[in-house]
Amino acid sequence: MRAPDLRRLADIHELRPAFLSAYLDLSRGVDQSFVRKRSKEIGNALAGRREELAVFEEAFARLERMLEDEVPSDGGLAVFIGPAANLFETYRLPGQPEMRLVFDSSPYIKPLVALHHEFEEYIVVVLDRSHARIFLVAHYEILDEDEVCEEIVRHHRHGGMSQMRFQRLHAGYVDRFFKEVAEHLVREVERCKCQGRLRGIVLAGPKDAKTAFEKYMPADLRKLLVGKVDEPADVPAGTVVRAAHPIVREHERAAEGEMIERLRGEILRGGLAAYGFDQVREAVASGRADVLIVQAGFSLPGWRCEHCRNFGTGSPQRCPACRKEPVFVDAVEELVELALDMGTQVEFQPADCGIAELGGVGALLRY
11 MRAPDLRRLA DIHELRPAFL SAYLDLSRGV DQSFVRKRSK EIGNALAGRR EELAVFEEAF
71 ARLERMLEDE VPSDGGLAVF IGPAANLFET YRLPGQPEMR LVFDSSPYIK PLVALHHEFE
131 EYIVVVLDRS HARIFLVAHY EILDEDEVCE EIVRHHRHGG MSQMRFQRLH AGYVDRFFKE
191 VAEHLVREVE RCKCQGRLRG IVLAGPKDAK TAFEKYMPAD LRKLLVGKVD EPADVPAGTV
251 VRAAHPIVRE HERAAEGEMI ERLRGEILRG GLAAYGFDQV REAVASGRAD VLIVQAGFSL
311 PGWRCEHCRN FGTGSPQRCP ACRKEPVFVD AVEELVELAL DMGTQVEFQP ADCGIAELGG
371 VGALLRY
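Just so we're aligned: the sequence shown equals residues 11 to 377 in the working numbering.
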């Protein structure tokens with residue numbers, strides 16, 4: 011699964027609608043009736059706007075050609091098409107996304123941002139005392155695999171070497187092997203961090219080997235350790251990945267709960283937090299927001315000025331800043347895009363975690 015460049019997508023804008031965004035549930039094949047229905051609705055809405063209609067028809071024709079070819083038979087798919095910007099990107103999605111077909115002045119990325127954790131990579135290390143496999147995983151897909159082996163004599167043969175010396179040599183082999191595995195793991199973690207946020211590390215294998223190897227992990231890597239799986243060292247890759255994924259998700263759910271508690275605590279103390287759309291928008295726009303927390307599925311009717319990029323909630327006839335006529339949009343989508351532009355971390359939380367009572371959006375502040 012290729013991770014989308016959310017910040018780059020959020021930075022793409024035109025003055026007029028020019029981008030077609032599609033979110034498709036492929037678990038039962040392509041729902042052509044939905045696609046045709048939304049195409050007709052968008053075409054009717056663009057009646058009398060010839061240039062925009064021509065752009066939409068070109069983008070939709072490209073989408074149709076893609077859907078006529080072979081597409082995945084399970085999960086979901088996100089497609090972004092912008093003919094004038096030479097944009098054509100597709101991303102596999104986990105689960106069954108809500109079907110959407112949107113034509114707007116920028117790619118519609120809010121559903122993609124809500125799923126961004128599933129694109130982020132984590133590492134699974136399967137090892138015993140002589141053989142290690144290091145898997146780089148996103149969702150349930152193995153993106154890369156590294157292997158480290160050490161030829162170790164496991165049994166002492168009588169004659170020629172004392173048992174004590176044999177044990178010392180064996181311990182030395184294991185020591186060198188674990189150090190080499192740790193070096194490989196450090197390089198993999200550094201590479202992941204350069205490309206995006208790493209979700210964590212899961213250790214798998216016989217219990218004694220995992221416990222022994224953990225001592226060879228540098229302190230910063232031990233902080234990334236989110237769980238362990240007891241499996242034989244030769245466990246099939248797919249089996250260990252299926253066992254590791256729930257561990258990673260459970261760790262993230264715990265971290266998400268801690269984030270909400272931190273937000274509540276800061277609000278109670280009058281500290282580094284903002285909540286409610288207007289407060290949060292100001293914090294994000296000024297660069298003070300460190301983390302934007304959004305209720306999953308939350309939206310607000312709003313507006314956006316295509317000339318000065320101002321936006322807000324409600325439905326004013328003119329932009330308050332430049333007096334130009336605005337277009338009507340989902341204000342939460344605009345807030346998410348602004349946060350990505352500003353380098354703010356975006357986290358989506360379920361409504362029952364408490365974010366709904368805070369107006370659907372909150373922010374932890376840098377200062």
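Positions of the beta carbon are idealized from the N, C-alpha and C atoms, including for glycine. Predicted model only: the values in this text are computed from it and were never measured.
SER325 sits in coil when the DSSP states are folded into three classes, being neither helix nor strand.
Taking GLN355 as reference, the option from GLY369, ARG143 and MET269 with the minimal CA-CA separation is MET269. The Cβ atoms of ALA349 and LEU302 sit closer than 7 angstroms to each other. In the three-state reduction of the DSSP assignment, SER37 falls in the strand class, which pools E and B. For the pair VAL294 and MET352, the CB atoms are nearer than the 7 angstroms cut-off. In the three-state DSSP reduction, HIS317 falls in the coil class, being neither helix nor strand. Per DSSP, the beta-bridge partners of THR100 are VAL89. Residue burial annotation: GLU343 is buried, with at least 16 other C-beta atoms found within 10 angstroms of its C-beta. Look at the beta carbons and you see the region 83-97 not touching the region 307-327: under three pairs across the two are nearer than 8 angstroms.
Going by beta carbons, ARG376 and ARG298 fall inside the 7 angstroms limit.
Annotated three-state conformation of GLN106 is coil, per DSSP.
Sequence-distant partners of HIS126 (beyond 5 residues in either direction) whose C-beta falls short of 7 angstroms from its own C-beta, in its chain, are LEU16. Boundaries of the beta strand (DSSP E) harbouring LEU375: 371-375, taken from the DSSP string.
DSSP places ARG143 inside the beta strand (DSSP E), whose first and last residues are 141-148. Within the same chain, and ignoring the five residues on either side of GLU99 in sequence, the residues whose Cβ sits closer than 6 angstroms to its Cβ are PHE90. Between ILE52 and PHE29, the beta carbon gap of about 12 angstroms keeps them out of contact (Cβ cut-off 8 angstroms). DSSP places GLU260 in the uninterrupted alpha helix (DSSP H) bounded by 247-279.
Three or more Cβ pairs closer than 8 angstroms define a contact, and the region 243-261 meets that threshold against the region 143-163. ASP240 is bridged by DSSP to GLY215. Here ARG102 really is in contact with GLY85; their C-beta atoms are around 6 angstroms apart, less than 8 angstroms. Short of 8 angstroms from the beta carbon of GLU68, and not among the five residues preceding or following it, lie these beta carbons of its own chain, in chain order: PRO93. Look at SER31 here: in three-state DSSP terms it is strand. When the Cα atoms are used, SER49 and ASP240 turn out to be separated by approximately 51 angstroms. A Cβ-Cβ separation of about 6 angstroms places VAL134 in contact with ALA214 under the 8 angstroms criterion. In this chain, the alpha helix (DSSP H) harbouring GLU61 covers 60-78. The alpha-carbon separation between GLU347 and ARG18 amounts to approximately 10 angstroms.
With fewer than 16 other CB atoms across the displayed protein chains lying within 10 angstroms of its CB, PRO228 is exposed. For ASP288, the enclosing alpha helix (DSSP H) has its first and last residue at 287-295.
Distances from the CA of GLN359 to each of ALA124, ARG110, GLU128 and GLY248 were compared; the closest alpha carbon is that of ALA124. Within the same chain, Cβ atoms closer than 6 angstroms to the Cβ of PHE188 are found at PHE223 and TYR226, the five residues on either side in sequence being excluded. The bridge partners DSSP lists for GLN305 are GLN359. Residue range 337-340 is occupied by the beta strand (DSSP E) that includes ASP340. Distance from ALA341 to GLY312 at the Cβ level is roughly 3 angstroms; contact confirmed, criterion being Cβ atoms closer than 8 angstroms. Counting along the chain, the unbroken alpha helix (DSSP H) around GLU128 starts and ends at 126-129.
Boundaries of the beta strand (DSSP E) around ILE152: 151-159.
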